[in-house]
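Mapping the sequence shown onto full-length UniProt numbering, position 117 (from 1) lands on 117, and the numbers just tick up by one. The beta-carbon is built from N, C-alpha and C at its ideal position, and this holds for glycine as well. Keep in mind that this is a model prediction, so the values were computed, not measured. In what follows, a single structure is set out as structure tokens and then discussed.
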Amino acid sequence: MRCLQHATDMDEISPFHFIEINGMKMTDPHQAYVQILQKLTGQKATADHAAALLEKRFSNPAPRKESTVLLVDELDLLWTRKQNVLYNLFDWPTRRHARLVVLTIANTMDLPERIMINRVASRLPYSFKQLQQIITSRLNKVKAFEEDALQLVSRKVAALSGDARRCLDICRRATEICEHSAADTSSTGLVGMSHVMDALNEMFSSAYITAIKCVSVQEQLFLRAIIAEFRRLGLEEATFQQVFVQHQALCRVEGLQPVSVSEGLAVCQRLGACRLLLLEPSRLGVLQRVRLNVSQDDVLYALKSD
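Here's what the structure looks like:
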């Protein structure tokens with residue numbers, strides 16, 4: 001920024017207005033609108049009113065409008081379930097009359113992927129019949145699987161999470177095993193039960209699954225609570241506080257003494273230490289966001305077969 005300011009002083013570029021906001025200094029992501037408006041115009045307003053005024057400012061032409069450079073630090077803390085704050089920050093610079101440049105800094109390297117994952121995760125799990133129809137439609141009337149093998153894949157995945165992507169991954173791997181199996185002397189050349197079983201065993205025999213089977217009862221309950229909360233929210237991310245409520249409920253259902261908040265945080269930290277979970281910095285406490293570092297299918301498979 002000092003280089004840009006120097007270029008402005010030398011009349012090499014047009015003057016611009018530089019403002020900076022920090023997600024860490026806000027109690028609510030929507031306060032970003034309030035701070036941007038106040039630093040731009042000196043005007044104070046509620047979050048909704050500030051958002052409307054900024055929308056108007058960046059959408060409409062104005063004579064002698066000065067360019068604005070906006071630096072957003074700790075961008076990942078401005079994430080909301082509807083993502084409207086992040087959407088507006090990235091959408092406003094694309095407006096024809098905005099004259100706005102947005103620079104962002106985030107601690108989360110995979111923030112774009114996380115945002116997209118959250119957008120597509122809000123679907124109900126597929127049933128056995130639906131998964132079977134999905135596979136059949138992908139095969140496009142090509143007879144590649146034995147009927148029993150097709151049913152096995154569909155029933156196995158439906159019993160776990162109903163994730164069509166995992167179902168197709170298993171089918172793809174079973175097809176590869178069938179093609180490369182030197183011992184396959186089947187005259188049909190179809191993907192059979194043995195190929196599907198090999199694919200299932202291969203995909204559900206990772207070190208993560210072994211780790212899940214070996215963690216404590218409370219840690220396994222916490223993993224179950226995470227999946228329950230993800231499904232309730234329709235997302236693949238939640239705060240510790242949200243998961244903890246589910247964890248308390250599961251403890252009661254299982255006839256176990258519910259743990260305290262500090263004990264729950266310790267459980268969460270242990271799961272993070274063995275990389276089964278991805279956690280935000282611990283300074284956020286109960287508000288830290290929690291994500292699985294393994295697929296839900298792996299967790300459910302490990303806990304069901306335990």
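Assess, as a yes-or-no matter, whether the region 234 to 251 is touched by the region 188 to 207 under the definition of 3 or more beta carbon pairs within less than 8 Å.
Judged by Cβ distances under 8 Å, the region 188 to 207 makes no contact with the region 234 to 251, as fewer than three pairs qualify.
With distances taken from CA atoms, which of V69, L37, Q151, V267 is nearest S14?
The shortest C-alpha separation from S14 is found at V69.
According to DSSP, is N140 part of a helix, a strand, or is it coil?
The answer is coil: DSSP assigns N140 none of H, G, I, E or B.
Between V267 and F230, how many whole angstroms is the CB-CB distance? I'm expecting something under 8 Å.
Not a contact, Cβ separation roughly 17 Å.
Just curious, the alpha helix (DSSP H) that I13 is in, first and last residue?
Where I13 is concerned, there is no enclosing alpha helix (DSSP H), given that its DSSP letter is neither H nor E.
Can you tell me which residues form a DSSP beta bridge with T68?
H17, L100.
Should the region 268 to 276 be regarded as contacting the region 214 to 228, the criterion being three or more beta carbon pairs within less than 8 Å?
Flag = yes, the region 268 to 276 and the region 214 to 228 touch.
Between L71, I170, Q31, A144, which has its C-alpha nearest M1's C-alpha?
Here the closest residue by C-alpha is L71.
For R119, is the classification buried or exposed, using 16 other Cβ atoms within 10 angstroms of its Cβ as the cut-off for buried?
Low local confidence applies: a pLDDT of 44 at R119 is under 50, so the model's placement there is unreliable, with the coordinate-based value given in what follows. Burial call: exposed.
Just checking P125 against the ligand ZN - is the residue's beta carbon closer than 7 Å to any of the ligand's heavy atoms?
Within the structure as shown, the ligand ZN is missing, as the structure has no ligands at all.
Would you mind giving the Cβ-Cβ distance between C274 and A211, rounded to the nearest angstrom? I have them listed as a contact below 8 Å.
C274 to A211, Cβ: 6 Å. Contact.
Taking the straight line between their C-alpha atoms, what separation do you get for R289 and L139?
Each residue's Cα considered, the two are about 39 Å apart.
Just how far apart, CA to CA, sit K156 and G264?
Straight-line Cα distance between these residues: approximately 32 Å.
Grab me the residues of P61's own chain with a C-beta within less than 7 Å of its C-beta, minus the 5 sequence neighbours each way, in chain order.
So the list reads H97, once near-sequence residues are dropped.
At which residues does the alpha helix (DSSP H) containing V261 begin and terminate?
Run containing V261: 261 to 273, per the alpha helix (DSSP H) assignment.
Distance, Cα to Cα, L103 vs L150?
Cα to Cα, L103 sits roughly 50 Å from L150.
Sort V299, L100, I134 by Cα distance to F16 and report the nearest one.
Closest option to F16, Cα to Cα, is L100.
Just to confirm before moving on: does the CB-CB distance between L131 and S154 stay below 8 Å?
Their beta carbons are under 8 Å apart, which means L131 touches S154 by this criterion.
Mind reading off the beta-carbon distance from L279 to I226? Whole number of angstroms is fine, and I expect it under 8 Å.
About 11 Å separates the two Cβ atoms, so there is no contact after all.
Between E74 and G23, is the Cβ-Cβ spacing less than 8 Å?
Against a cut-off of 8 Å, the Cβ pair of G23 and E74 comes out as a contact.
Given V243, which residues of its chain have a CB within under 8 Å of its CB, disregarding the five upstream and five downstream residues?
Around V243: F222, A225, I226, E229, C268, V290.
Taking the beta strand (DSSP E) that L40 falls in, what are its first and last residues?
Premise fails: L40 lies in the alpha helix (DSSP H), 31 to 41, not in any beta strand (DSSP E).
Return the chain-ordered list of same chain residues with a C-beta closer than 7 Å to the C-beta of residue 319, the five sequence neighbours on each side being excluded.
Here the chain comprises residues numbered 1 to 306, so residue 319 is not present and cannot be evaluated.
Under a three-way DSSP split, which group does D9 fall into?
D9: helix per DSSP, three-state reduction.
How big is the Cα-Cα spacing for K25 and V215?
So the two alpha carbons sit approximately 37 Å from each other.
Alpha carbon to alpha carbon, what distance is there between V196 and D169?
Roughly 11 Å separates the two Cα atoms.
Along the chain, where does the alpha helix (DSSP H) that runs through L276 open and close?
Neither: L276 is in no alpha helix (DSSP H) and is coded neither H nor E.
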